[in-house]
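S.K.: Chains as they are written, first to last, in this note's numbering: chain A, 1 to 80; chain B, 1001 to 1580.
Using N, Cα and C, we set each Cβ at its ideal position, and we do this for glycine too.
Just so it is clear, the structure is predicted and the values come from calculations on it, not from any experiment.
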Ligand code: SF4
């Protein structure tokens, strides 16, 4: 299956193609979880503060993703 | 000795008086709201001589406490008719505090057509003619005032622009940043118009000879400020090269958009297809491309560790505007359907030049677009409309009086406001707690009054579901804590660190106890915050506001907001719990 992933702020870094917020299609095995996705992207769990799936925050790494899900990955951010 | 400077515009006198006992320990928002509550007849017209404008630095402003150079400005608001406190980060507040001036109260009204500047120094407040700075851009006025009075090292400047001179309800109060730019605003609620009605163009503060803020317990204070500094230096959001220092407050554009809560095209949708083009990351990348180096943000005021204030550069690398805040970026961008950072920068700069609140103006232009004055996304037309405000044409006067007046003039139902103040950059249908703050704060729709976004979206302090309606106690708690922080003189952005790092929160209380010789603890934060809110609500009640005014506009209850298709569904009884 494919999920549509957007990375933001400091999670966008050298060696990773694309700009912050640019969608990337990521191929995953069926019933892959958030943890599987982070592993595929070589991101450490500690640096990803928030994961949003289809606009809702998902707290646990074993959340099972579905085909076509929109996933947003964020480090700690704040502002006003 | 702590004192209050009373500037009487009617007879052009400036008099020092001692701080009355009943105001002992009160500073910042606590003091501005106390004085407005005690001195302004609640039913008076905001542009009458009966209104006052109060300036007060916070408890620790002017000391070595980090990120604490804020100034609170209070009055009865011409935009909302409620009590108002707006604050800004600027060296102006620190200088005032070091002169031992707890507050400046501007009262009465000058007769005649002359404009006045008051120069505040150790021994006096001196009136000087200010006609030469009226009717011109604020950047030009500031440059000329600095030249006349000794430069950026010697003074800080507070002034109103043409919008304030014309007594428009979207006029803010402008303060100098650390480099002397006319860029830091106590923006909301139209207090600039109140100064304009009194014909006070500017107040400059020269702190030479100042004795500094007296500190009752230096050791305790030092311990406190170290704890706050440690928290700010270590938290990922507030530390050097952290989120705020790198991307500025506009780092929020993407996350609020992803959450489906970025108000788009006058609050029609919760996602903007151009979000990534205007986000903090795009500002960082754009500056890098145009200047050839990675630019981190700068402190708006002396002593700020977080340093979140940015500069946007033109293609040729020259400075276009400072600062593109999240709120301004959204208001003038996504909310108007505009995805071009250069256009947003131009609009931001025009607001700075004319002395306007960017949030109210972005909201107003969006309402005007709704009314057919321009198409959503038409940046060129939006820029022209801002010029009309600066020129005070008949249409410009309508726009300059904010979203509600504009909605009425153009027959628009969808005006997203509470108590006459346009909503800021978080969709209440998709984030319930912030909607409860908008509805119930004494200020009119204001996100800073109780920033529940921290737990609802950002996962700071805890993680709450933004669509969960059970937020009355969260909204109440945040409003109380905020009222206290607004009185300390700290920038509200320290909250990201001190809500997560307990010793930072203790440090803030230690600092206050160190300065004042008090014995406050965490319960006092809630108690004092509650007292401030009670004072403000008492004023509003006497001004004619009831629970019926603590509501969001009806269209939000019937129009589902994409992508979550959420409506505003918080009951009146639940809302009333927040202000109980
Ligand atoms: S955190 Fe930002 S807004 Fe607050 S005082 Fe520092 S630079 Fe100014």
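1) Grab me the residues of residue 1265 of chain B's own chain with a C-beta within less than 6 angstroms of its C-beta, minus the 5 sequence neighbours each way, in chain order.
2) Which residues in the same chain have their Cβ closer than 6 angstroms to the Cβ of residue 1390 of chain B, if we skip the five residues on either side of it in sequence?
3) Go to residue 1200 of chain B, then tell me how far its beta strand (DSSP E) extends in each direction, as first and last residue.
4) By the criterion of Cβ-Cβ separation under 7 angstroms, what are the contact partners of residue 1564 of chain B in chain A?
5) Residues in the same chain with beta-carbon distance under 6 angstroms from residue 1343 of chain B, minus the five sequence neighbours each way, listed in chain order, please.
6) Using a Cβ distance threshold of 8 angstroms, determine whether the stretch 1145 to 1154 of chain B contacts the stretch 1317 to 1327 of chain B, with at least three qualifying pairs required.
7) What residues of chain A sit near residue 1438 of chain B, judged by a beta carbon separation below 9 angstroms?
8) From the DSSP output, which residues share a beta bridge with residue 1309 of chain B?
9) Of all residues in the structure, which have a C-beta closer than 6 angstroms to any heavy atom of the ligand SF4, taken in chain order?
10) Can you have a look at residue 1068 of chain B and say buried or exposed, based on whether 16 or more other CB atoms are within 10 angstroms of its CB?
11) Rounded to the nearest angstrom, how far is the Cβ of residue 1371 of chain B from that of residue 1410 of chain B, given a contact under 8 angstroms?
12) I want to know whether the stretch 1559 to 1570 of chain B touches the stretch 1493 to 1513 of chain B - three or more CB-CB distances under 8 angstroms.
13) Three or more beta-carbon pairs under 8 angstroms between the stretch 1245 to 1264 of chain B and the stretch 1022 to 1032 of chain B, yes or no?
14) Going by other Cβ atoms of all chains shown within 10 Å of its Cβ, with 16 needed for buried, is residue 47 of chain A buried or exposed?
15) Just by C-beta distance, which residues in the stretch 1254 to 1267 of chain B are closer than 7 angstroms to chain A?
16) Among residues of its own chain, excluding the 5 on either side of residue 1550 of chain B, which ones have a beta-carbon nearer than 6 angstroms to its beta-carbon?
17) Any idea if residue 1288 of chain B is buried or exposed, counting beta-carbon neighbours within 10 angstroms, 16 or more meaning buried?
18) Return the first residue and the last residue of the alpha helix (DSSP H) that residue 1137 of chain B is part of.
19) For residue 1214 of chain B and residue 1063 of chain B, I'd like the C-alpha separation in whole angstroms.
20) Look at the Cβ atom of residue 1178 of chain B, then the Cβ atom of residue 1301 of chain B, and state whether they are nearer than 8 angstroms.
21) In three-state DSSP terms, what is residue 52 of chain A?
22) Exposed or buried, what is residue 31 of chain A when buried is set at 16 or more other beta-carbons lying within 10 Å of its beta-carbon?
23) Determine the DSSP secondary structure at residue 1410 of chain B, reduced to helix, strand or coil.
24) Grouping DSSP H, G and I as helix and E and B as strand, with all else coil, what is residue 1510 of chain B?
25) Let me know the secondary structure DSSP gives residue 36 of chain A once reduced to three states.
26) Taking the C-alpha atoms as reference points, what is the distance between residue 1456 of chain B and residue 1139 of chain B?
27) Check the Cβ of residue 75 of chain A against every Cβ in chain B and list those closer than 8 angstroms, keeping chain order.
28) Output the residue ranges of the beta strand (DSSP E) runs that lie fully inside the stretch 1025 to 1057 of chain B and measure 3 residues or longer, sorted by chain position.
29) Taking the runs of the beta strand (DSSP E) that are 3 residues or longer, which of them lie wholly in the stretch 1175 to 1238 of chain B?
30) Starting from the beta carbon of residue 1459 of chain B, find every residue of chain A whose beta carbon is closer than 8 angstroms, and list them in chain order.
31) According to a CB-to-CB cut-off of less than 8 angstroms, which residues of the stretch 4 to 24 of chain A neighbour chain C?
32) For residue 1532 of chain B and residue 1518 of chain B, what's the separation of their Cα atoms in angstroms?
33) Classify residue 1387 of chain B: buried if its beta carbon has 16 or more other beta carbons within 10 angstroms, exposed otherwise.
34) Assign residue 1431 of chain B to one of three DSSP states: helix, strand, or coil.
35) Report the neighbours of residue 1247 of chain B on chain A: residues whose CB is nearer than 7 angstroms to its CB, in chain order.
M.R.: The answer reads as follows:
1) 1337, 1376
2) 1162, 1354
3) Element bounds for residue 1200 of chain B: 1200 to 1206.
4) 55
5) 1379
6) no
7) By Cβ distance, chain A contributes nothing, its closest Cβ being about 14 angstroms from residue 1438 of chain B, past 9 angstroms.
8) B:1298
9) Here the list is B:1067, B:1089, B:1299, B:1300, B:1301, B:1304, B:1306, B:1307, B:1308, B:1309, B:1491, B:1493.
10) In the assembly as shown, residue 1068 of chain B is a buried residue. Its beta-carbon has 16 or more other beta-carbons within 10 Å.
11) 3 angstroms
12) no
13) no
14) exposed
15) 1254, 1255, 1258, 1259, 1260
16) 1439, 1440, 1575
17) Flag for residue 1288 of chain B reads exposed.
18) Neither: residue 1137 of chain B is in no alpha helix (DSSP H) and is coded neither H nor E.
19) 9 angstroms
20) yes
21) strand
22) exposed
23) coil
24) helix
25) helix
26) 38 angstroms
27) Neighbourhood of residue 75 of chain A in chain B, by CB distance below 8 angstroms: 1236, 1243, in chain order.
28) 1053 to 1057
29) 1182 to 1186, 1200 to 1206
30) 49, 50, 57, 76
31) No chain C is part of this structure, whose protein chains are labelled A and B.
32) A straight-line Cα-Cα distance of about 18 angstroms links residue 1532 of chain B and residue 1518 of chain B.
33) exposed
34) Residue state, collapsed to three classes: coil.
35) 9
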